[in-house]
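**Student:**
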Amino acid sequence: MKTPQNSEPTMVKKTTRSADSDVEDKGQKLQKVLANLGCGSRRKMEGWIEEGRVTLDGTVARLGDRVRSGQSVKLDGKPIEWEEAEQVRVLLYHKPVREVCSRSDPENRKTVFERLPKLKQGRWISVGRLDFNTSGVLLFTTDGALANALMHPSNAIEREYLVRVMGRVDDAMLERLQLGVELDDGPARFSDIQEGGGDGINRFFYVVLMEGRNREVRRLWESQGCTVSRLKRVRYGEVFLPSKLKKGQWLELPQRDVDVVYQMAGLPGRDTAPLSKKDQERRERFAKKGQRAAGRRNRRSG
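Yeah, the sequence shown ends on 303 if you go by the numbering used here, and it's all consecutive.
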């Protein structure tokens, strides 16, 4: 299992106006803007534009349209605040079970966005999803490019889960789960499995995936005749869930941690919005608890 890494803040170099500004004045491609807002992939956004779902200054948009500062963009008739803030924000949220990872739910279930702090500019974008009955680490950011990069399979970012399994588990089964088994959407495997305690037919394991396919942890265990009775994501890449962070609480990441997140995504770093004194004290308190919890996990897996 990986251990958390710290890095010194890398300040983003401010650029001055140059010949490149002439290119910037032409605006950005509309599908890129929508994708960076977390609405979906560029290809999906191109489809929405072709379907006439997007308007630009009150006129139905077309593929090839560019959007510039001050222009109005609407999706399905609803205004979209698309202009990006100069400073980025990243949150770590401890998702409880029985919350959905969407902005609204037809069944009126609680959503993960309801507890997040209000933004003066931009909007929160979820980095991936956790299913209704899964708890744990869920990242949010105001930078759509960062969210897309963190979710892209090419970055192969580890996701670590604590799972309670019901059923008989032997060494041969654990070996199969690491070598790979065939699921209905292709082969899948855990890159690491560590014993987490328990006995009899109720045992805990720490498992690591390199991708985020739908219900993959549960389906892997079910392929071996076992049932997952509890599932919690405890790590996303280098970001660990602090033990002091209660379910339903969020924690804003400071510059040094956001730098690590951008490194995970393979992107150049960006400046973060400054934290209030209260949020800074809160973050430091949670971080200390999280480091102690990570140390216990590393000693157990060593």
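Glycine is no exception: its CB is placed at the ideal position from the N, C-alpha and C atoms.
Tell me, please, whether the stretch 240-258 touches the stretch 197-205 by the rule of three or more beta-carbon pairs shorter than 8 Å.
**Tutor:** Output reads no: the stretch 197-205 does not touch the stretch 240-258.
**Student:** Could you check the C-alpha separation between K111 and G39 for me, to the nearest Å?
**Tutor:** Position 110 of the sequence shown, counted from the first residue, corresponds to residue 111. Position 38 of the sequence shown, counted from the first residue, corresponds to residue 39. About 20 Å.
**Student:** Pick out whichever of I50, A189 and E100 has its Cα sitting closest to the Cα of R220.
**Tutor:** Start at 1 with the first residue of the sequence shown, and residue 220 comes out as number 219. Closest by alpha carbon: A189.
**Student:** Assess contact between the stretch 175-194 and the stretch 148-155, defined as three or more Cβ pairs (one per stretch) separated by less than 8 Å. Is contact present?
**Tutor:** Cβ pair count under 8 Å is below three, so no.
**Student:** Shortest alpha-carbon distance to V101 belongs to which of K75, Q250 and V113?
**Tutor:** Mapped onto the sequence shown, residue 101 falls at position 100. Cα-wise, what sits closest to V101 is V113.
**Student:** Do G226 and M265 count as a contact pair if the criterion is CB distance below 7 Å?
**Tutor:** For the purposes of this step, residue 265 is identified with residue 264 of the sequence shown, where counting begins at 1. For the purposes of this step, residue 226 is identified with residue 225 of the sequence shown, where counting begins at 1. Not closer than 7 Å, so no.
**Student:** Determine the DSSP secondary structure at D23, reduced to helix, strand or coil.
**Tutor:** As a first step, residue 23 must be located in the sequence shown, where it is residue number 22. Below a pLDDT of 50, predicted positions are generally treated as unreliable, and D23, at 40, falls in that range; no measurement from the model is reported.
**Student:** Given K30, which residues of its chain have a CB within under 7 Å of its CB, disregarding the five upstream and five downstream residues?
**Tutor:** Within the sequence shown, numbered from 1, the residue matching residue 30 stands at position 29. Contacts found: R67.
**Student:** In whole angstroms, what separates the C-alpha of R43 from that of V235?
**Tutor:** Residue 43 sits at position 42 when you count from the first residue of the sequence shown. Residue 235 sits at position 234 when you count from the first residue of the sequence shown. The straight-line gap from Cα to Cα measures roughly 30 Å.
**Student:** Tell me the rounded alpha-carbon separation between Q88 and Q122.
**Tutor:** Taking the first residue of the sequence shown as 1, we reach residue 88 at position 87. Taking the first residue of the sequence shown as 1, we reach residue 122 at position 121. Taking the straight line from one Cα to the other gives about 10 Å.
**Student:** Let me know the secondary structure DSSP gives I158 once reduced to three states.
**Tutor:** Taking the sequence shown and counting its residues from 1, the one referred to as residue 158 is at position 157. Residue state, collapsed to three classes: coil.
**Student:** Any idea what DSSP makes of D193, helix, strand or coil?
**Tutor:** By one-based count along the sequence shown, residue 193 stands at place 192. DSSP places D193 in strand when its eight states are reduced to three.
**Student:** With distances taken between CB atoms, is the gap from E176 to V209 smaller than 7 Å?
**Tutor:** Here the question's residue 176 lines up with position 175 in the sequence shown. Here the question's residue 209 lines up with position 208 in the sequence shown. Taking 7 Å as the Cβ cut-off, E176 and V209 do not qualify as a contacting pair.
**Student:** Closer than 8 Å is the cut-off here; do at least three beta carbon pairs connect the stretch 252-261 with the stretch 89-97?
**Tutor:** These segments touch.
**Student:** Kindly examine the ligand COA and report whether one of its heavy atoms sits closer than 6 Å to the Cβ of I194.
**Tutor:** The ligand content of the structure shown is nil, which means the ligand COA is not present either.
**Student:** Pull up the CB-CB distance for E51 and L64, whole angstroms please, since I reckon it's below 8 Å.
**Tutor:** Locating residue 51 in the sequence shown gives position 50, counting from the first residue. Locating residue 64 in the sequence shown gives position 63, counting from the first residue. The pair is a contact, with the Cβ atoms about 6 Å apart (cut-off 8 Å).
**Student:** Mind reading off the beta-carbon distance from L76 to V55? Whole number of angstroms is fine, and I expect it under 8 Å.
**Tutor:** For the purposes of this step, residue 76 is identified with residue 75 of the sequence shown, where counting begins at 1. For the purposes of this step, residue 55 is identified with residue 54 of the sequence shown, where counting begins at 1. Sure, about 6 Å apart at Cβ, within 8 Å.
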